[in-house]
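In mature numbering (1 follows the signal peptide of the UniProt record, and there is no 0), the protein residues as written are -31 to -1, 1 to 511.
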């Protein structure tokens, strides 16, 4: 076979095929990997969909016992103590996760410290001592108790495969990664930044200044563009990739962003998807337009419908035989996972430390998250564990995406940071077959509508949603208006109001960008909206 057993575990194959493979690929596993990797990549289009805040065990932990897929999943014996003073009382994992949870479990840097190491002592010294120890993965219940007593059991519940029909169809048909970790032990935005830049530029939490002005680091989008490859962002609410400052330049903002509902399926049907397509789900939960990002307390069923829709659009399109779909989650969202987070040999991307009081060195990863990859070039029933390099300590994490894109398209630029140079790459999973499979399902099972409660569109915003409003306020030129700043800070804006505001803001920003290009503006310039007027930044370089 083209990979070693430590890297990929597949369903048993008929004996004649095994004999044939042994004759064809006699020699060491490493030599076989090199042979596969030396072939030109059959992938010409990569599509990435990053959902929100779910751990591997929470979503896919029961696929081994209930679907027979050989992943590192749950046995039923995994438990967490539910008291800070005694371990005699515990809550154990179960297979009765609900589509909608009552609240949002903690997933800040401090929360993850407790979840992974079992300590609530948040002094810098205690954090450093805990980080030097082996992760116990024992603090999820206690962390949830500090948020909402109802959450203590919810964070230990995992989904039965029958409640996730899309994943239950894709996982055995294509590839599941059961050692894919979030890039840092913290919340959404730092981890999303790693997806396309392999660093969070020192952020471990909400960094308002960088979120507003835009993070300055180069991205995989820049690397693709430098070699003449196109990319596109298909968004439903607002594209979070605009937290990268470079993505706000006229050359990108004027032509690379599209409304998902009007463009994605049309482009897929016409066969005009670019080298890299990023899909951003709906982040605000409304009665007529429910959120499909899987962020608690949003309905997970809607996320299943989105993945199904994306898959079926790609499967029916003329680019199917050259496409790779990556479905992952930004971070675990406070839900339990039993696999210890890696702490050894993880390099800091750029030497930037996190803020006080922890001054995090970015030398350990976050909690394991679900990652499924889909392509007709992937063997059915593939399970990918540890990578076989490029170093002995390398792991699969979000930086693996830009690292592998660099290999797929043979990009001339260097790695973005030390982190993507270290991260495992996955090009071997689609270079093993001599031709694309023809047995891939054309459609996936329907996802039943079973939501027990309606969207809370008149409720207050989550931390992540407030960050999106702040991004919109900067793009719209309202970030200096005291009334809006106070309204957001005091959590007075409802979900419905925020959705309407964000939509107007991103529409205005993109229209202004296109207008500036039509008027002959320097496409290297950054557009800044001020009091409903458009002006370019003084610098022509992003």
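Even glycine gets a Cβ: it sits at the ideal position worked out from N, Cα and C.
task = Look at the alpha carbon of residue 65 and the alpha carbon of residue 429, and state the distance between them as a whole number of angstroms.
result = 28 Å
query = Helix, strand or coil for residue 19 per DSSP?
reply = strand
key: Where the alpha helix (DSSP H) containing residue 163 begins and where it ends   = 157 to 166
Secondary structure of residue 370, DSSP reduced to three states = helix
ask   = Just reading off the alpha helix (DSSP H) that residue 211 is part of, what are its end residues?
value = Here residue 211 belongs to no alpha helix (DSSP H), and DSSP marks it neither H nor E.
task = To the nearest angstrom, report how far apart residue 123 and residue 491 are at their CA atoms.
result = 52 Å
query = Under a three-way DSSP split, which group does residue 429 fall into?
reply = strand
ask   = Nearest to residue 71 by CA position, among 40, 374, 474, 269, is which residue?
value = 269
message = Under 8 Å: do the region 190 to 199 and the region 370 to 387 share three or more Cβ pairs, one atom per stretch?
response = yes
query = Is residue 144 closer than 8 Å to residue 353 when the C-beta atoms are compared?
reply = yes
task = To the nearest angstrom, report how far apart residue 136 and residue 432 are at their CA atoms.
result = 28 Å
key: Simplified DSSP state of residue 568, which is helix, strand or coil   = The chain is shown from -31 up to 511; residue 568 falls before or after that span and cannot be answered.
inquiry  = How far does the alpha helix (DSSP H) with residue 179 in it extend, from its first residue to its last?
reply    = 177 to 182
key: Local conformation of residue 400 per DSSP, three classes   = coil
key: Three-way DSSP call (helix, strand, coil) for residue 46 in this model   = coil
query = Which residues in the same chain as residue 395 place their Cβ atom closer than 6 Å to its Cβ, once the five residues preceding and following it in sequence are excluded?
reply = 373
ask   = Between the region 282 to 295 and the region 233 to 249, are three or more C-beta pairs nearer than 8 Å?
value = yes
key: Secondary structure, alpha helix (DSSP H): runs of 4+ residues fully inside the region 332 to 357   = none
request  = State the Cα-Cα distance for the pair residue 493 and residue 34, rounded to the nearest angstrom.
outcome  = 53 Å
key: Cβ neighbour criterion (16 or more within 10 Å) applied to residue 408   = exposed
inquiry  = For the pair the region 334 to 342 and the region 298 to 313, tell me if three or more CB-CB distances fall below 8 Å.
reply    = yes
task = Grab the span of the beta strand (DSSP E) containing residue 200 for me, first residue to last.
result = 200 to 204
request  = Taking 8 Å as the threshold, find out whether the region 71 to 90 comes into contact with the region 251 to 271 through three or more Cβ pairs.
outcome  = yes
message = For residue 60, which residues in the same chain have their Cβ closer than 7 Å to its Cβ, ignoring the five residues on either side in sequence?
response = 48, 49, 51, 110, 121, 122, 125
task = Give the straight-line distance between the Cα atoms of residue 128 and residue 25, rounded to the nearest whole angstrom.
result = 10 Å
query = Under the three-state reduction of DSSP, which class applies to residue 532: helix, strand or coil?
reply = The requested residue 532 does not occur in the structure, where the chain is confined to residues -31 to 511.
key: For residue 513, three-class secondary structure by DSSP   = Residue 513 lies beyond the residue range present for the chain, which begins at -31 and ends at 511; the question has no answer from this structure.
request  = Taking residue 248 as part of the beta strand (DSSP E), name the residues at either end of that continuous run.
outcome  = 245 to 249
ask   = With burial defined as no fewer than 16 other Cβ atoms inside 10 Å of the residue's Cβ, what is the status of residue 231: buried or exposed?
value = exposed
ask   = What residue range is occupied by the uninterrupted beta strand (DSSP E) comprising residue 258?
value = Note, residue 258: premise wrong, no beta strand (DSSP E); not H, not E.
inquiry  = In the DSSP assignment, the beta strand (DSSP E) including residue 293 goes from what residue to what residue?
reply    = 292 to 298
ask   = If we ignore side chains and look at the alpha-carbon of each, how far apart do residue 146 and residue 350 end up?
value = 11 Å
ask   = Among 438, 473, 86, which one has its Cα closest to the Cα of residue 461?
value = 438
task = Count the other C-beta atoms from every protein chain shown that fall within 10 angstroms of the C-beta of residue 403, then say buried if there are 16 or more, exposed otherwise.
result = exposed
task = Could you please give the first and the last residue of the uninterrupted alpha helix (DSSP H) stretch that includes residue 8?
result = Per DSSP, residue 8 belongs to no alpha helix (DSSP H) and is neither H nor E.
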